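The listed protein sequences correspond, in order, to chains W, C, S and H.
Read in order, the letters of the first sequence are residues 101 to 533 in the numbering used here.
Read in order, the letters of the second sequence are residues 15 to 296 in the numbering used here.
Read in order, the letters of the third sequence are residues -2 to 93 in the numbering used here.
Read in order, the letters of the fourth sequence are residues 503 to 869 in the numbering used here.
Working notes for the structure below.
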Amino acid sequence: MTETFDVIVVGAGPAGNAAAYTLAQAGMSVLQIERGESAGAKNVQGAILYSDALERLIPDFRDEAPLERHIIEQRMWVLDDESYIGTHFRSDEFNKPPHNRYTIIRAKFDKWFAKKVREAGALVINETTVTELLRDGDGKVIGVRTDRAGGDLHAAVVILADGVNSTLARKAGFRPEIEPRHVALAVKETHFLPRETIESRFNIQKGEGVVIEMLGKITQGMMGTGFLYTNKDSISIGVGCMLSDFMAQQTTPYELLERMKAHPSIRPLIQGGEMKEYAAHLIPEGGYNAIPQVYGDGWLIAGDSGMFVNAVHREGSNLAMTTGRMAAELVIDLHKAGRPMTAANLAEYRRRLDDSFVMKDLKKYKDLPDIFHANNQFLTTYPELLNRSAYTLLKVDGVDKLSKEREIFASFRDKRSLFGLLGDAFKLWRAFR
Amino acid sequence: MHSVVCIKQVPDSTHIRVHPVTNTIMRQGVPAIVNPYDLFALEEALRLKDRFGGRVTVVTMGPTQAETALRKTLSFGADEAILITDKAFAGADTLATSYALASAIRRIDQAFPVDLVFTGKQTIDGDTAQVGPGIATRLSMQLLTYVSRIAEIDPDRREIVVERRAEGGVQVLRTRMPCLVTMLEDSNRMRFGSLPDVLRAARQTVQVWNRTDAGVEDVTKIGLKGSPTIVSRVFTPKPRAQKAEMIAVEGGPAEQAAALLERIAARLPDRARDAQSAEVSR
Amino acid sequence: MSAVKVEEKLFQNRYLVDAERPHIRIRTPSVCEKQCETQPCVVCCPAACYSREGRKVSLITDGCLECGACRIVCDVHRNLDWEYPRGGYGIQYKFG
Amino acid sequence: MSDDAPAPVRKKRKVVLDERLKAYRGVWVYIEHERGRVHPVSLELLGEGRKLADALGVELAGVVLAGRADDGATQRCRLAFEYGADLCYLMRGDVLADYRNQPYTRGLTELVEAYRPEILLLGATTLGRDLAGSVATTLETGLTADCTELAIDPEDRGLLATRPTFGGSLLCTIVTLNYRPQMATVRPRVMPMPARAPGREGRIVEHDLQMREADVVTKVLDFIADDARDKPQLPFADIIVAGGRGLGKPENFQLVRDLAAVLGAEVGASRPVVQAGWAEPDRQVGQSGKTVRPKLYIAAGISGAIQHRVGMADADCIVAINSDPNAPIFDFAHFGIVGDATAILPALTEAFRARLRGAARAAEETA
Chain W
101 MTETFDVIVV GAGPAGNAAA YTLAQAGMSV LQIERGESAG AKNVQGAILY
151 SDALERLIPD FRDEAPLERH IIEQRMWVLD DESYIGTHFR SDEFNKPPHN
201 RYTIIRAKFD KWFAKKVREA GALVINETTV TELLRDGDGK VIGVRTDRAG
251 GDLHAAVVIL ADGVNSTLAR KAGFRPEIEP RHVALAVKET HFLPRETIES
301 RFNIQKGEGV VIEMLGKITQ GMMGTGFLYT NKDSISIGVG CMLSDFMAQQ
351 TTPYELLERM KAHPSIRPLI QGGEMKEYAA HLIPEGGYNA IPQVYGDGWL
401 IAGDSGMFVN AVHREGSNLA MTTGRMAAEL VIDLHKAGRP MTAANLAEYR
451 RRLDDSFVMK DLKKYKDLPD IFHANNQFLT TYPELLNRSA YTLLKVDGVD
501 KLSKEREIFA SFRDKRSLFG LLGDAFKLWR AFR
Chain C
15 MHSVVCIKQV PDSTHIRVHP VTNTIMRQGV PAIVNPYDLF ALEEALRLKD
65 RFGGRVTVVT MGPTQAETAL RKTLSFGADE AILITDKAFA GADTLATSYA
115 LASAIRRIDQ AFPVDLVFTG KQTIDGDTAQ VGPGIATRLS MQLLTYVSRI
165 AEIDPDRREI VVERRAEGGV QVLRTRMPCL VTMLEDSNRM RFGSLPDVLR
215 AARQTVQVWN RTDAGVEDVT KIGLKGSPTI VSRVFTPKPR AQKAEMIAVE
265 GGPAEQAAAL LERIAARLPD RARDAQSAEV SR
Chain S
-2 MSAVKVEEKL FQNRYLVDAE RPHIRIRTPS VCEKQCETQP CVVCCPAACY
48 SREGRKVSLI TDGCLECGAC RIVCDVHRNL DWEYPRGGYG IQYKFG
Chain H
503 MSDDAPAPVR KKRKVVLDER LKAYRGVWVY IEHERGRVHP VSLELLGEGR
553 KLADALGVEL AGVVLAGRAD DGATQRCRLA FEYGADLCYL MRGDVLADYR
603 NQPYTRGLTE LVEAYRPEIL LLGATTLGRD LAGSVATTLE TGLTADCTEL
653 AIDPEDRGLL ATRPTFGGSL LCTIVTLNYR PQMATVRPRV MPMPARAPGR
703 EGRIVEHDLQ MREADVVTKV LDFIADDARD KPQLPFADII VAGGRGLGKP
753 ENFQLVRDLA AVLGAEVGAS RPVVQAGWAE PDRQVGQSGK TVRPKLYIAA
803 GISGAIQHRV GMADADCIVA INSDPNAPIF DFAHFGIVGD ATAILPALTE
853 AFRARLRGAA RAAEETA
């Protein structure tokens, strides 16, 4: 048996769902293939949902999507072993609808999104792993083969939204194996607590949420960050570091998470919670320079599979939705124009991406991953210094403030040369500019 | 060969946890699945279809969400799926459930005569193992519970030979079809459905029957009204907190073994009990 | 190896194990044992699927979280056959 | 779906019985026998039934169904008396020689309709559940399966049947409304074995089942006793000896098999051992293997990781042998030995062998 569709979308994450939804809305015959028991069963994210990308697809998503809490407070913590120093930004502005950011639980959210895709008219099958791309004699992708017996599936174009491991493009030779320095490995736990406990612990009302992003010694010198997000009646807590850094040391990811959870500033926040899931996932953080070929004869890549993640702003799912939508829009345009899905025609995808915020943002921070990589003092020495400084400054011990400032400055200078400090500041400034 | 397989969508009870501190039940994220025991029943029915042709109809009574479970059975290769759902069924115990399912099976039988009705040996949420026997009784079918193997089947003579798990051994039984079989776990392994079946499952409509469609004649026999039993109290068990009694005696392994054996013998005076009941058999 | 019981963490997860069909295999065990000095899979795997006895690396995929880290860190010897599990099997995240 | 409510709990309402149902009196225990041998659960039920009958101030009856040529039937009645029954209903019939659902359902239903007990208890065995489900449906009365606790509500004389649900994570108490008899099946080995009162007497009420073999559709072709099969029957085993990675090497797994052979036990294994090929996959106990509930579970060199624990924690008696004193298995085992399993297993095998030999000799002498 061979069935033919206009488009096959591989994967039911944000990229695949956005693509399949857009295509089905336009009336194209779409088959979406997901390997999990249901959409979301294989997907892991913090997770923060940025409204804009979804809003463009489903303007009234707020009325029905399973959202946990809208975020009213963002904390940035820099931690050493005993303490943290950081900023908290909280504003009632964030309480005014429509809200801009939400915490979500991906298994629930993706299931809802997939339902929307089905309702839009796509044929969605779960529990089916696509094992390879089918290609004709000229190398053009003409469909997919799955792990289920009884036939192949053909389509004019295949959208690969198969996630960070990008298995299909790799196997087809469209891209090389991912480098350890281009992905972060994140582990995460979901801790359940009564809703009221979360709200009193984080000083929030019903529906309001807090996000904590963490840097510093929690990653033990590896380049990475920790996070803690409040959901309705649970807390997501996790830590991620570059895989290349994990390789170069001896701490396992779960030990790292365990130590982070034991930090005196973090432990009280999750105390009494019941851990109900432990997850791990790779995050493509190679940035602009790591983006592979994203189109070819009969195929397009969207989402994590194309390494579309802005690590600096911690944006992934909205880039996934945006690239998924843009891939679909191009396919719709070509289809309407009666033009074939050749590499030459699909090249327009890359051009449109380049003109969009997706590539512009990624390009802006293109050197940042390497800077952090070559300078791990950002993650070890500085956090310690910052915290020490705050401690010195705040401690009431009869030392005058001017002397304290001098002591703080001296300690910075001792740890890294003055020249090094200036250099670091310059590098960071350039990268964020 | 037309088999009807009764299934139930259940919460995956292996993921229900009791909070160690508050001792309350935690149900967040507990997935709804096809009762695992029912899959052995479904696979057996599919095998009969592979051998003799015919069809497999899956039926469940439950809320509208149970459609997911039914769709899954289609992806394994079931031909048709029927969801019996009606507010009037709410609060049903096993007796009322068997009445509703038996009524629906009669309806199914009118369209395509039924040769075999299959159920799992029990569900993992209720664990009662009563609905199967109940359906068989209501349909006046022969009942074959805890079947580990269908040894022979003769569609022409309408006979079936099965191995049935009994206490201390296996009964080999022969009976006439139509009959009701409850399948024992591990009696087979569910297949990996084919691509055409998976595609069909995604497209096919699950039939939804209300109580009239299901042929329920006597509304006093369904739902709460038709249920002789009610749950009067739900509570969590006391967690067992004791640790092992450590056997630490002077000497080597022989002494330790001897001390251990005494403890076991004191705790399990079963030898004596077995001897008593064995005595009767002589 | 560590005080953290990753097994207790994995126990909270939902898996549908495809019995006797591991989706990752070590191609040539002797390469891990004799040629791979760092054996990064043992440290990096977030589910402790890889364990070391002496210099031998053994792999049990039941607890696999399907992240792909092991395949990527095996960048010198490329000694893994890494596939996703069959459809519907493996980790099924309840929250994700 | 995932967040549906737990089983609806209704406020206990007072059960008002019809006049007709008030005539139902007495507690019955079905005396289960398979091939002549009384199942211990029936004796346990007599102990429990006695308490219920005393609380109600009624008689406790045993129910024995037997073939006409079954000489052991009256002996079974006598055993029931010695375990607390005041009387026994002994039903004989041509079609009752072997257990079959149809004639047994007919027989038990007839007895209930003739003598009207208020409570009918059966063991939650494969036979008991098969029979109870059919009888309850025929009588259209309430049946609570798999109970772990029984009591009488002093207010309305109703049976309070408590049973685990959701895989044991919850318990619920179930009552039967305006229906009689109140039926329940009870798990084996949950209730204590009552003391036997040798020579205790009772009366036997004989009853005849008028059913011919030609009326019975299902025929028993054979019975294959478990002893005659070599397939592992872990879920049904009374004793399991299981080995884990702590045994060190595959050859040492033989020590587990040796002890199992002496005890007539099944051999179990932990996941790592099965993965390593020391034991067959169908011997694996735990999350991705079998769930077992034996009387005695001997775990040698098994750390007791949670995956294993969920498969065997319900065993009546768990014995752990492990060299690591901090092994989690000691947290939930009943008896533990810190030591080398490869040394202790052979010693234990020897000790059991000697003891069983002694017991056999003693039995011969009395015979």
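Note that CB positions come from ideal geometry on N, CA and C, so glycine has one too.
Being a predicted model, the structure only gives us computed values, none of them experimental.
(1) Within the 8 Å Cβ cut-off, does N603/H reach chain C?
(2) Inspect the CB distances between the region 230 to 248 of chain C and the region 667 to 682 of chain H and report whether three or more fall short of 8 Å.
(3) Taking the runs of the alpha helix (DSSP H) that are 4 residues or longer, which of them lie wholly in the region 35 to 86 of chain S?
(4) Figure out for me which residue from Y86/S, I69/S, C38/S has the closest Cα to the Cα of E279/W.
(5) Is DSSP giving L519/H helix, strand or coil here?
(6) Applying the criterion that 16 or more other CB atoms from any shown protein chain within 10 Å of the CB defines a buried residue, is N680/H buried or exposed?
(7) Would you mind sorting D648/H into buried or exposed? The rule is 16 or more other CB atoms within 10 Å of its CB.
(8) How would you write the range of the alpha helix (DSSP H) that Q221/C sits in, first residue to last?
(9) Considering only residues of the same chain and omitting the five flanking positions on each side of A44/S, which have a CB-CB separation below 7 Å?
(10) Measuring only the C-alpha atoms, how far is G841/H from I823/H?
(11) Using the Cβ count rule (16 or more neighbours within 10 Å means buried), how would you classify L493/W?
(12) Tell me D168/C's beta-bridge partners as DSSP assigns them.
(13) Using 10 angstroms around the beta-carbon of E703/H, count the other beta-carbons present and answer buried if the total reaches 16, otherwise exposed.
(14) Using a C-beta cutoff of 8 Å, does P783/H count as contacting chain S?
(15) If you measure from the beta carbon of D505/H to each beta carbon in chain S, is any gap under 8 Å?
(16) Assuming V144/W and H363/W form a contact by the criterion Cβ under 8 Å, report the distance between their Cβ atoms to the nearest whole angstrom.
(17) Give me the Cβ distance between R169/W and K317/W, rounded to the nearest whole Å; I'm assuming they're in contact under 8 Å.
(18) For the region 372 to 441 of chain W, which segments carrying the beta strand (DSSP E) assignment without a break, of at least 3 residues, lie completely within its bounds, in sequence order?
(19) Is I278/W close to chain S, meaning its C-beta is less than 8 Å from at least one C-beta of that chain?
(20) When DSSP builds the beta bridges, which residues end up paired with T323/C?
(21) Do T793/H and R179/C have their beta-carbon atoms positioned less than 8 Å apart in this structure?
(22) By a C-beta neighbour count over all protein chains shown, 10 Å radius and 16 as the cutoff for buried, is P197/W buried or exposed?
(23) According to DSSP, is G701/H part of a helix, a strand, or is it coil?
(24) Let me know the secondary structure DSSP gives N202/C once reduced to three states.
(25) Starting from T189/C, follow its DSSP beta bridges and name the residues at the other end.
(26) In its own chain, which residues sit with a C-beta less than 7 Å from the C-beta of S112/C, not counting the 5 before and 5 after it?
(27) What is the residue span of the beta strand (DSSP E) that D658/H lies within?
(28) Just the C-alpha distance for A575/H and E57/C, rounded to the nearest angstrom, thanks.
(29) Spatial neighbours of P783/H within its chain, please: C-beta separation below 7 Å, excluding the five flanking residues on both sides.
(30) If distances are taken between C-alpha atoms only, which option among R570/H, C819/H, T643/H comes closest to I278/C?
(31) Sorted by chain position, which residues of the same chain lie with C-beta nearer than 7 Å to K142/W's C-beta, five sequence neighbours on each side aside?
(32) Can you give me the C-alpha to C-alpha distance between Q349/W and V39/S, rounded to a whole angstrom?
(33) Drop a sphere of 10 angstroms on the beta-carbon of M593/H, count the other beta-carbons inside from all chains shown, and report buried for 16 or more, exposed for fewer.
(34) Who are the neighbours of C579/H on chain C, taking C-beta pairs under 8 Å?
(35) Quick check: the Cα distance between Y378/W and A280/C, rounded to an integer number of angstroms?
(36) What residues in its chain sit with their C-beta under 7 Å from that of V220/C, if we drop five residues either side in the sequence?
Taking the definition as stated:
(1) yes
(2) yes
(3) 37 to 41, 66 to 70
(4) I69/S
(5) coil
(6) exposed
(7) buried
(8) From DSSP, Q221/C is part of no alpha helix (DSSP H) but of the beta strand (DSSP E) over 221 to 223.
(9) V3, L7, G60, C61, L62
(10) 6 Å
(11) exposed
(12) E173/C
(13) exposed
(14) yes
(15) Since pLDDT at D505/H reaches only 34, below the 50 mark, its modelled position is unreliable, and no value is offered.
(16) The Cβ separation is near 22 Å, so there is no contact.
(17) Contact doesn't hold; Cβ gap of about 29 Å is too wide.
(18) 374 to 384, 399 to 401
(19) yes
(20) The first residue shown for chain C is 15 and the last is 296, placing residue 323/C beyond what the model contains.
(21) no
(22) exposed
(23) coil
(24) coil
(25) I174/C
(26) V145, G148, I149, R152
(27) Premise fails: D658/H is in no beta strand (DSSP E) and is neither H nor E.
(28) 41 Å
(29) V776
(30) C819/H
(31) R135, G136
(32) 11 Å
(33) buried
(34) Within chain C, no residue comes near C579/H; the closest Cβ sits about 10 Å away, beyond 8 Å.
(35) 43 Å
(36) E81, L84, R85, A95, L97
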